[in-house]
Each structure stands twice: as structure tokens, then as C-alpha cells.
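For what it's worth, our numbering labels the leading residue of the sequence shown as 229, then goes sequentially. Yeah, the Cβ is synthetic: ideal placement off N, Cα and C, and Gly gets one too. Keep in mind that this is a model prediction, so the values were computed, not measured. Quick notes on the structure that follows.
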Amino acid sequence: MNTQTPCTKKLKDSITNKLINSITHKLINSQNMKKALLLVVTLALTAAKVTAQQFFKQGKLSQYIYKVVDYSPAPGQFVNTMPAYEEGDNAAKMALKCTESLANNKRVLITLGAFGGSVTFHFDHSVANIANKKDFIIEGNAFQNSSEPGIVMVSKDVNRNGIADDPWYELRGSVDDETPNRMVYGYEVTYTSAPMQDIPWTDNKGGSGKVERNKYHAQEYYPLWMPSKITYKGSLLPKNATQNPATTFWELREFAYGYVDNKPNTDKDANSFDIDWAVDVNRKKVKLDFIDFVKVYSAEQQMAGWLGETSTEVAGAEDLHLEESVAAINKALEGKVATFDDVDVVLNSDGYYIGASSPDREAKTSLYTSGNYRFAVTNIPKWNSWNDFSISNRTATNFKELFPDQFNSCVGHGCDNSANYCVAYFYGKSAPIEVLGKPEGDVVRGLYVTNSAYTLSCILNGDNMSKGATGKDEFEKGDWLLLTIWGTKADGSETKAEVYLADYRSSNSAEHYYLGNWQWVDLSGLGAVKELRFSITGSRNNKYGLTTPSYVCVDNINGTNDGKSGKVYHTTGIDNLPTTDTDNREVARYTVDGKRINAPVKGINIVKYADGTTRKVVVK
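Rendered as C-alpha cells:
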């Protein structure tokens, strides 16, 4: 099955197209040039777990079913007719037919067949779990003495990929509470195709039987688009079918609550469900703030004489508190900040994360989420390389060798002294940072950036590949390094913001600076964007392109401005150091390795001021 969403496919295409150039550039910078252009890229996408709230479409939202993503019925007398199968239909087409039957309150019944047959759908938004209220209703086709109960499961799109591939949780019903010993948990049944005959089944409890044909329905009972053997798992309800000896009619009794197609649709409360009923496979309560996918499956395995198999039917579903769901989603999305401290990945013993490696050592792209943003990082063991958005918690600020020092920031910590921060490396434009939650995109307040230790080392000491206007290795008058942050809108148009990582263009050397601390960059002017990308340009280039290493450290995306400047002015001492602070008295001075000194020494000095700020200055 193809599990790529449009967003993950865009990531794959983007990364593939630029990977060769990226590797080539890094190999040149590390003076280890190999035949990088022969690289064949193989990508495997993985995702991390985070909190999920989202909208699935733009525009006016609806309380009704938006889309059926899977329809997997068991054999039954109405299968292939509700909805109607046509030759050539596949699983996707049948799911689409179910969408046409159920979405937007169409209320055209679909059948799920015998035990385990299911339908999976979602609304056009996450459904919020509202305290002390039932959250959604699912309607079926029950009436007095005719209940064909189905169990409800819910799932939260934790990895934000739009696919129902995260853990599922069952909603407890009345049988769990009243007679749990009559439930069969972990029940599993396998059906085998037998064209135009009774459909045999076996279960994992030693049982067997058949879904029997009857005179009322002449079509094939086995779902024609499915494999010749299908296996379903779930919880089996106690049999509810009895035959009245006086009338010979079959009666299918109802349960108290908690099941679909169990009570007449006129009983709204009995057909409503509370997300707080969710339990895991061990029947332990699970707290879910939102859910994204709902699955209903037939929970009886019985034949009721001429009535045939007990088959749950679904007519539609509705979010019972649309406005509250929307408000909860907006509130959750508004405050999400990518701090890189909330990621569900493990940094290695050297204090950085560049994603998983593939067994063949080719390129493998991993996805992780922080705040309301999804990031890609590609690990390329074959070339001892990587690109895009790594995570680091390294505190060293020097650069001696590529591994592990390329993951050092020039600050030694994240913004606000946090542990984790992002070290981005790319050639040309970076892979996109996906803005999650809203199809139309969202406004990003801004982010913090600073230089990596590697980049700063080249700014101050040269990159061994280029020289300035007067032949100096280090940056001199006229040199610059510019980070451009590109925002992509829902219509595909781009807007941008820029920040200099180093700016030596001024004729006044006292105005030359580089970023030596975390610098806020306002991105609100980009408007609502679906993606962010980075690119770095500069004054130092050769025939391969930019020679200054294209690294940047990033933190607190969608954070708030602390009002501090990250600029460090490149001077020959500390006299006349430009500052925006009211108290710039020096109170301490250190070498880059943290040793306290009493006077300026040649090289980089770390200067602490009375107002609590620190700056790096170069003493010649």
C-alpha cells in the first residue's frame, strides 16, 4: 500500500533532487571529495509521535463525515450491494463509494457484513474530547428487537500524516461494565472465499462456521475486491439473537449503550459516544484530547435463521460540538512552538540526531515533529554525510573536526538556555518545514537563529577555499552571509524574510558583525504559510558555489521576541563596542574553552557584561 501523503511525497522529491549537490558541497568543504554524483538515493520515511490537532480541509467546516478512508466488510448478504460493487472496483473505489453514501449527511446505508467487517472515516477536523459531554453520534439501522451492534474504535493522527496508522483504542460499551466475562477479547476470525456458496470461517478459539446464503439475496456474499482469505480481529460481543418459539420470529436484543446500530436512531443519546470511554488493548483507560479517525466494526458472529448473519449497518456520523472542536483546535495550534525539546527521538552519545540509517547505508530520510512543525533529516552513512534539520544538545562552541563539531552552536545551548536546538545544513534550498494543522497554512510569529561553530570558525579564520577582497582568509570589508527564509502559501506563491548571519559590508568596520547569540527573526509578515524553507547565500564563492559552510542553528519556531540582539561586533578590542544595552560594563572575560582571564588575549574572547548579556569579541 502506498502510504505517502502529498506532503511526504513533496519532501521525498525535494530531498532527492538536491541531495547530490548537498553531499558534493559538504565533501568539498570537508576536503574529502568523492564520486558523490554517482550516488543513488533511497528514501525511507519514518515519523515521530506528538500531539495532534488539525483541520483536513479549507473553508467552512461540517459536523458530518468528511471522508471514508477504508471499507473492509466481512462476507454478508448485503455485501457487494451496499454499496454496489462493479467489475474493476478496488479498495480505494469502494471507499469512495462509501464516502458518497455517508459524507455530508447523505445517510445512505452501508453494510459491514459478519464479524470484523469495518468502515473507517474521519470528519474534516479533529474531534475534541469535551469534558462531561458525549462527543459524536453514529447512526445505524436498528429498530425494536433488531439490533446488529458494532463496536467503535478511535485513533489520533499522532504522526500527522493523514493516514489511520496510529494506535487504535476501543470505546467501552455496556457489556464491558455489566457482564465483561461474556465478552471475548482478542477474537480473530478468518474467512475463505467460496464463490456463490456459503462462506466458511474459522476462529482462534477453535470455532468454525459459515456465513450462509439465503433465498433473498442472489449476489456473491464475499467482498469481490478483497483477497481470497481475510482475517479480522477485535472484541466479540455475546450473542443477542433468539428465536421466539411462539412466533418463530428472530429477535436481536439491544445492549444498554456503547454500540452502533444497537438502538433506533430516534434515541440520540443511546447512539452517542464519549471519547473518554477509550481503552487500550489491556482495557485500561486512555486519555485522548482529540481524535481524528473512527472505525466501526461488526461485533457479532452468529446466524439468525432466515434473517441471516448479524451485520452492522452505518448511516452516518456527526460531531456533536463542532464549534467547540474548532475552538479547541485553534487554541492548541496557536501556542505550538518548535523547541526541539519535545521530540520523540533519541540523540546519540555525541549529542546529536541525524535520523535513522538504512541497512544498505544509502540515504534515508526521517521525519520528526516539534511543536506544530514537521522536519526532515537525511542520513547518508555511505558518504558520512547528512542534510537538512538535525537536532543537537551539544554545549561545546569550538570547531576542530567535522564529526561531531559541526553540531556545535556558537552559543553552546538552545534559546532561553534550553538543551536542544536544531542545526540545519543544506545546499540550495532546504527541505520544507511543514506547517501542520491547517490546510491553508498558518502565520508563524518568528524564530531564533544563530551561527554554528563551524560557520563562525570560517567567518573568523577562513574556509581554506576563498579569500576576501584584499586576500584575507577571514571575513573582511565587503563580506556577508545571508539566511533567507522562504514561506510557501497555499496557492504555491512564495514570500520571504532575510537575516544576515554575518554582515561586513559597511565601510565603517565598527559596524561589522556576525550572529554570536540567538537572534529573533520576525516571520509574521510572511502571512499564512504551509511550508518554510531556508537558503544561504554569501560573498565567498568558488566554481562549486558558496564556500562558507551553509549551516544555521534554529530554535523556538513560532516563539516570541525576547528583545535581545544576537549580534557580535567584530572589533580589535572592546573599546567603543556598539551595544543597545544601558549597562555595558564588562564584569568577566573568558577564553572560548571557558577559562577565566583578566585581560584581553589574542583570538576570540567571551565577554560578560553587567546586564547579564555575553558577547564574543575578536582581539587581534
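Residue i - DSSP class collapsed to helix/strand/coil
i           : result
residue 693 : coil
residue 410 : helix
residue 734 : coil
residue 262 : Summary for residue 262: the model assigns pLDDT 31, below 50, so the residue's position carries little reliability; its value from the coordinates is reported in the next sentence. If DSSP states are grouped into helix, strand and coil, residue 262 belongs with coil.
residue 607 : strand
residue 831 : strand
residue 404 : helix
residue 399 : strand
residue 378 : strand
residue 845 : strand
residue 674 : strand
residue 554 : helix
residue 513 : strand
residue 424 : coil
residue 209 : With the chain running from 229 to 848 in the structure shown, residue 209 is simply not present.
residue 784 : coil
residue 394 : coil
residue 254 : Residue confidence is low: residue 254 scores 47 on pLDDT, short of 50, so the model does not pin down where it sits. Its coordinate-derived value is still stated next. Reduced to three states, the DSSP call for residue 254 is helix.
residue 482 : coil
residue 501 : strand
residue 268 : With a pLDDT of only 31 at residue 268, under 50, the local geometry of the prediction cannot be trusted, and the value read off the model is given with reservation. Note: residue 268 maps to coil in three-state DSSP.
residue 464 : strand
residue 493 : coil
residue 687 : helix
Residue i and residue j closer than 8 Å at C-beta
i           : j           : result
residue 502 : residue 362 : yes
residue 284 : residue 294 : yes
residue 332 : residue 292 : yes
residue 569 : residue 646 : yes
residue 901 : residue 618 : The structure shown does not extend to residue 901, since the chain is modelled only from 229 through 848, so no value can be given for it.
residue 460 : residue 343 : yes
residue 694 : residue 636 : no
residue 188 : residue 713 : Shown here, the chain extends from 229 to 848; a query on residue 188 therefore has no answer.
residue 652 : residue 779 : yes
residue 514 : residue 522 : no
residue 340 : residue 301 : yes
residue 845 : residue 757 : no
residue 678 : residue 747 : yes
residue 673 : residue 752 : yes
residue 369 : residue 337 : yes
Residue nearest to residue i in terms of C-alpha spacing, selected from the options
i           : options               : result
residue 511 : 414, 310 and 485      : 414
residue 721 : 739, 729, 707 and 761 : 761
residue 763 : 457, 796 and 711      : 711
residue 731 : 344, 438, 717 and 765 : 765
residue 543 : 513, 558, 490 and 595 : 490
residue 296 : 583, 670, 349 and 673 : 349
residue 303 : 389, 453 and 353      : 453
residue 290 : 305, 307 and 334      : 334
residue 704 : 736, 673 and 718      : 736
residue 586 : 635, 411, 607 and 599 : 607
residue 576 : 631, 665, 715 and 595 : 631
residue 458 : 470, 431, 440 and 600 : 431
residue 649 : 437, 571 and 282      : 571
residue 834 : 640, 718, 700 and 644 : 640
residue 718 : 671, 709, 750 and 734 : 671
residue 444 : 306, 371, 614 and 504 : 306
residue 451 : 324, 486, 466 and 314 : 314
residue 287 : 392, 666 and 615      : 666
Any non-hydrogen atom of the ligand NAD closer than 7 Å to residue i Cβ
i           : result
residue 392 : The ligand NAD is not part of this structure, which contains no ligands at all.
Beta-ladder partner(s) of residue i, from DSSP
i           : result
residue 769 : 774
residue 549 : Paired residue(s): none; residue 549 is not in a bridge.
residue 541 : 339
residue 719 : DSSP, once it has assigned bridges, lists no residue as partnering residue 719.
residue 298 : 348
residue 657 : 763
residue 429 : 419 and 437
residue 531 : 537
residue 367 : 544
Q | Any 3 or more C-beta pairs closer than 8 Å across the segment 477-492 and the segment 531-539 | A | yes
Q. How do the segment 722-735 and the segment 624-631 stand: do at least 3 beta-carbon pairs fall below 8 Å, yes or no?
A. no
Q.
For the pair the segment 368-382 and the segment 515-528, tell me if three or more CB-CB distances fall below 8 Å.
A. yes
Q. Taking three-plus beta-carbon pairs below 8 Å as touching, is the segment 774-790 in contact with the segment 546-566?
A. yes
(Q) When you compare the segment 427-439 with the segment 392-399, are there three or more beta-carbon pairs, one atom per stretch, that lie closer than 8 Å? (A) no
Q) If we count Cβ pairs, one from each stretch, closer than 8 Å, do we get three or more for the segment 653-669 versus the segment 734-748? A) no
(Q) For the pair the segment 551-559 and the segment 353-362, tell me if three or more CB-CB distances fall below 8 Å. (A) yes
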